[in-house]
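Asker: Take 8 as the starting number for the sequence shown in the working numbering and just add one per residue. Here you go, one structure.
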Amino acid sequence: MAIKLYYTPHTRSLRPRWTLEELGLAYELAPIDLFGGEGDTPAYRRIHPHGSVPAMEIDGRVMIESCAMCHWLGESHPTAQLVPPAQEAQARRNYLQWSFYVPGTLEPPAFQILLHTAILPPAQRVPDIVPWADEYHQVALRTVDACLRERDHIAGEQFTVADILLGSTLLWLPDRLEDFPALGAYTRRLQQRPAYQRAVTDPSPPA
Ligand SMILES: N[C@@H](CCC(=O)N[C@@H](CS)C(=O)NCC(=O)O)C(=O)O
Numbered sequence: 008m009a010i011k012l013y014y015t016p017h018t019r020s021l022r023p024r025w026t027l028e029e030l031g032l033a034y035e036l037a038p039i040d041l042f043g044g045e046g047d048t049p050a051y052r053r054i055h056p057h058g059s060v061p062a063m064e065i066d067g068r069v070m071i072e073s074c075a076m077c078h079w080l081g082e083s084h085p086t087a088q089l090v091p092p093a094q095e096a097q098a099r100r101n102y103l104q105w106s107f108y109v110p111g112t113l114e115p116p117a118f119q120i121l122l123h124t125a126i127l128p129p130a131q132r133v134p135d136i137v138p139w140a141d142e143y144h145q146v147a148l149r150t151v152d153a154c155l156r157e158r159d160h161i162a163g164e165q166f167t168v169a170d171i172l173l174g175s176t177l178l179w180l181p182d183r184l185e186d187f188p189a190l191g192a193y194t195r196r197l198q199q200r201p202a203y204q205r206a207v208t209d210p211s212p213p214a
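Given below as structure tokens:
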């Protein structure tokens, strides 16, 4: 299987790259200069209709949506046990719940905070959105913190793709984790994983 990952550092592209590293799969990294406008080029729009990253080509067929990529990669390599199988009913339910919780509940307020404090040009920021988004974000942090006070991984005993999705998203706003000791310890443990460290290493510049 030939895998090519369209990738920009410090974006959601970390999720599938980290998953690929956890699985020890060979892949080609295609750096996209998102912040320099490459997402808007006709060539890249033919890969990803929104001009966003990540996009992943598998044997020449494109897949979009970072969380779906991670889940598909994990499920396609069952021996790595990154996705609990249907027979492990409770672990599977936890896995699905938290895997959907990340893009559905945790990520939206975190992204609004980032957009209106850092990403958008200052003239386009709406400061009143930030406290509103912060309130929702805090509820989500309290919710995952309560779970991670009980166990080391979000879906149960084992590290799964749900930890990649959750950990990568918590690390968007590391300062917000200070009041949640379980989340600080959790993200530090995740950052110590060799696969995470390889995934955050900048790709070599083209020769
Ligand atoms: N839901 C998509 C969101 C992709 C997304 O918005 N990526 C950001 C980078 S983290 C991006 O490319 N933004 C620029 C743009 O969409 O033009 C996913 O998870 O893959």
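Built from N, CA and C at the ideal position, the CB exists for glycine as well.
1. Work out the CA separation of Arg100 and Thr218 for me, nearest whole Å.
2. His1: beta carbon under 7 Å from a heavy atom of ligand 1?
3. Buried or exposed for Met8, going by 16 or more other Cβ atoms inside 10 Å?
4. Of all the options Trp139, Arg200, Tyr102, Leu113, which has the alpha carbon lying nearest to the alpha carbon of His123?
5. Between the Cα of Cys77 and the Cα atoms of Phe187, Thr194, Ile126, Ser175, which residue gives the shortest distance?
6. For Arg195, is the classification buried or exposed, using 16 other Cβ atoms within 10 angstroms of its Cβ as the cut-off for buried?
7. Roughly how many whole angstroms lie between the Cα atoms of Asp141 and Tyr203?
8. Contact between the region 94-109 and the region 158-175: three or more CB pairs below 8 Å?
9. Count Cβ pairs between the region 176-193 and the region 148-160 that sit closer than 8 Å; are there 3 or more?
10. Looking only at C-alpha atoms, which of Thr86, Asp66, His57, Glu82 sits nearest to Glu72?
11. Could you check whether Tyr14 and Thr24 sit closer than 8 Å to each other, using their CB atoms as the reference points?
12. Check each candidate in Leu113, Ala117, Ala169 and name the one with the smallest Cα separation from Leu180.
Answerer: By the coordinates alone:
1. Past the boundaries of the shown model lies residue 218; the chain is included only from 8 to 214, so the question cannot be answered.
2. For the chain, the structure presents residues 8 to 214; residue 1 sits outside this window and is missing.
3. Position 1 of the sequence shown, counted from the first residue, corresponds to residue 8. In the assembly as shown, Met8 is an exposed residue. Its beta-carbon has fewer than 16 other beta-carbons within 10 Å.
4. Position 116 of the sequence shown, counting from 1, holds the residue named residue 123. Measuring from the Cα of His123, the nearest candidate turns out to be Trp139.
5. If you number the sequence shown from 1, residue 77 lands on position 70. Nearest option by C-alpha distance: Ser175.
6. Along the sequence shown, read from residue 1 onward, the residue named residue 195 stands at position 188. It is exposed - the Cβ of Arg195 has fewer than 16 other Cβ atoms within 10 Å.
7. For this step, residue 141 is matched to residue 134 along the sequence shown. For this step, residue 203 is matched to residue 196 along the sequence shown. Each residue's alpha carbon lies about 27 Å from the other.
8. The region 94-109 and the region 158-175 touch, with no fewer than 3 CB-CB distances between them shorter than 8 Å.
9. Touching, per the Cβ criterion.
10. Indexing the sequence shown from 1 puts residue 72 at position 65. Measuring from the Cα of Glu72, the nearest candidate turns out to be His57.
11. Reading the sequence shown from its first residue, position 17 is the one you call residue 24. Reading the sequence shown from its first residue, position 7 is the one you call residue 14. In the sequence on display, residue 24 carries Arg and not Thr. Yes, the Cβ-Cβ distance between Arg24 and Tyr14 is below 8 Å.
12. Position 173 of the sequence shown, counted from the first residue, corresponds to residue 180. Out of Leu113, Ala117, Ala169, Ala117 has the C-alpha closest to the C-alpha of Leu180.
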